[in-house]
Amino acid sequence: MDPIRVLVADMVALDRDIVARIAAQPQDMTIVGSARGAAEAATALDARGADVLVTSASGTGSLGACLALMWAHPRLAVVVVDPADPLGLVRVCRLAEQVRGAGAPWSEYLLDAIRSAADAARED
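In the numbering used here, the protein residues as written are 1269 to 1392.
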């Protein structure tokens, strides 16, 4: 199985180095690069690809731009860390994949997505 490709984006140098060091340790992960913001991350994703983008929750504007990268890269998961949080808050964001057929009413799909997200949160 191919290693999980991790791109670290929009973090201060110390946080970026810590995250990169942690993510580089397991054999099933590899760091494919780092980026200083969403635009640089987009260029890196287009050039090298990544399975997971790790970014910081410290700046809401830049966080929103990093999350928006999921629309251009639908298979990309974004892990948001908050280094300032005493609990080491980590959140995972992904685009939801429609599990019902294309003919399912949107309201059913929305309810299924909410249930799926709630189930995933309970498992964490």
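Idealized CB from N, CA, C, for every residue including glycine. Remember, predicted model here, so these are calculated numbers, not experimental data.
- Query: Ser1324 by DSSP, collapsed to three states: which one?
  - Reply: Looking at Ser1324 - three-state DSSP - the assignment turns out to be strand.
- Task: Counting only the same chain and skipping the five closest in sequence on each side, list residues whose C-beta sits under 8 Å from that of Ala1291.
- Result: Same-chain partners within the cutoff: Val1274, Val1276, Met1297, Ile1299, Val1322.
- Mapping DSSP to helix, strand and coil, what is Gly1317? In the three-state reduction of the DSSP assignment, Gly1317 falls in the coil class.
- The beta strand (DSSP E) spanning Ala1345 covers which residue range? If you look at Ala1345, you'll find it in the beta strand (DSSP E) that goes 1345-1349.
- Thinking C-alpha only, which one of Ile1286, Glu1308, Arg1304, Leu1337 is nearest Asp1319? By alpha-carbon distance to Asp1319, the top candidate from Ile1286, Glu1308, Arg1304, Leu1337 is Leu1337.
- Message: Considering only the alpha carbon of each residue, which of Val1280, Pro1373, Ala1381 lies closest to Ser1324?
- Response: Closest by alpha carbon: Val1280.
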